[in-house]
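Beneath this line is the structure, given in structure tokens, with notes to follow.
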Amino acid sequence: MIFLRGKGIIIAKKDIEEADRYISIFMEDYGKVSTVIKGIRKSKKRDKTAVDILSLTEFQFYKKNDSLIISSFSTVKDYIGIKSDIDKINIAFYMFSILNQVLVENGRNRKIYEVLEKSLDYLDKSNDNKKNYLLILFFLNTLIKEEGISIEDNTNIEELQVDVQPQRKVEMDNMVKEILQYLFKDNLKVVIDNEKYKIDFIKKAILVLENYINFNLDTNINAQKILWGALLW
11 MIFLRGKGII IAKKDIEEAD RYISIFMEDY GKVSTVIKGI RKSKKRDKTA
61 VDILSLTEFQ FYKKNDSLII SSFSTVKDYI GIKSDIDKIN IAFYMFSILN
111 QVLVENGRNR KIYEVLEKSL DYLDKSNDNK KNYLLILFFL NTLIKEEGIS
161 IEDNTNIEEL QVDVQPQRKV EMDNMVKEIL QYLFKDNLKV VIDNEKYKID
211 FIKKAILVLE NYINFNLDTN INAQKILWGA LLW
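The working numbering puts the last residue of the sequence shown at 243; the count rises by one with no breaks.
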């Protein structure tokens with residue numbers, strides 16, 4: 011039996027039976043993996059935080075057939091700065107909802123993992139709502155690139171307008187187009203520094219990319235539900 015080690019972020023959990031927990035982990039070296047932690051909810055000795063959603067955890071495990079069996083685990087980061095702020099929690103869960111739909115079991119993507127870990131590190135310490143929403147934009151754009159669905163000409167923003175449900179249709183005005191252009195040019199600092207780019211415009215840009223991802227990857231990510239409840243535009 012060969013034991014392996016690796017770190018990962020818990021992106022989903024479901025309590026089952028009386029004491030067990032089913033978790034999905036996005037691991038740096040092994041991609042998305044899912045497993046059951048037996049007896050964890052009744053244990054008084056094991057680190058329960060390490061196998062709770064929104065934790066960065068170091069695992070020791072081995073593989074049995076197609077299953078991953080975890081032998082030990084310990085918390086690396088618990089992101090208390092995120093967990094103590096409902097808006098930050100919603101942003102983290104929004105990212106997780108995307109990953110749970112896009113990632114395939116055992117599918118590896120180190121770039122997306124690295125961006126997720128850096129995003130959580132930033133969000134954990136940030137107190138700037140505008141930058142936090144721009145962080146979402148950056149995350150969505152990374153996903154688009156890594157999934158191979160980038161528009162061929164990043165200056166042609168109109169290509170992002172796809173057929174969507176009427177209730178999700180976004181009016182892409184000039185401010186939104188400019189934000190997206192700066193995003194594609196890796197120059198979001200202009201958006202950060204210029205007060206004319208209000209948070210509402212950034213939210214609309216998020217929805218444009220979300221619609222584009224949903225259309226191309228057949229997903230159902232929903233910022234209106236997870237991040238804001240309803241938009242008042």
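Here a beta-carbon is modelled for each residue, glycine too, at the ideal position from N, C-alpha and C.
Using a C-beta cut-off of 8 angstroms, the stretch 200 to 207 makes no contact with the stretch 223 to 231, since fewer than three inter-stretch Cβ pairs fall below that distance. Remark: C-beta atoms of residue 50 and residue 22 do not approach each other more closely than 8 angstroms. Here residue 108 carries a helix assignment [DSSP, helix/strand/coil]. In this structure, residue 20 keeps its C-beta atom at 8 angstroms or more from the C-beta atom of residue 85. Judged by beta-carbon spacing, residue 186 lies beyond the 8 angstroms limit of residue 153, meaning their Cβ atoms are not closer than that value. For residue 185, the enclosing alpha helix (DSSP H) covers residues 184 to 194. Sixteen is the threshold: since fewer than 16 other Cβ atoms of the shown chains lie within 10 Å of the Cβ of residue 117, the residue is exposed.
Contact annotation: the stretch 30 to 48 does not touch the stretch 86 to 94, with fewer than three C-beta pairs closer than 8 angstroms. Across the structure, residue 218 and residue 46 are spaced so that their CA atoms are roughly 37 angstroms apart.
Between residue 98 and residue 212 a beta carbon distance of about 16 angstroms is seen, past the 8 angstroms cut, so the two are scored as non-contacting. Burial of residue 61 is indicated by the presence of at least 16 other C-beta atoms within 10 angstroms of its C-beta. If you look at residue 170, you'll find it isn't in any alpha helix (DSSP H); DSSP assigns it neither H nor E. If you draw a 10 Å sphere on the C-beta of residue 75, you find fewer than 16 other C-beta atoms in it, and that means exposed.
In terms of Cβ geometry, residue 102 and residue 147 do not form a close pair [threshold 8 angstroms].
One alpha carbon belongs to residue 131, the other to residue 142, and they sit about 12 angstroms apart. Of the candidates 209, 53, 64, 13, 64 places its Cα closest to the Cα of residue 35. In the DSSP assignment, residue 72 falls outside any alpha helix (DSSP H) and within the unbroken beta strand (DSSP E) covering 66 to 74. Remark: C-beta atoms of residue 82 and residue 72 do not approach each other more closely than 8 angstroms. At a Cβ-Cβ threshold of 8 angstroms, residue 151 and residue 193 count as neighbours. With contacts defined by Cβ atoms closer than 8 angstroms, residue 182 and residue 191 do not form a contacting pair. Annotation: residue 34 is outside any alpha helix (DSSP H); the continuous beta strand (DSSP E) that includes it extends over 30 to 37. Here DSSP, grouped into helix, strand and coil, assigns residue 113 to coil.
In this structure, DSSP gives residue 155 a helical state, which the three-state scheme calls helix.
If you draw a straight line from the Cα of residue 223 to the Cα of residue 155, it is about 11 angstroms long. Where residue 83 is concerned, the enclosing beta strand (DSSP E) starts and stops at 77 to 87.
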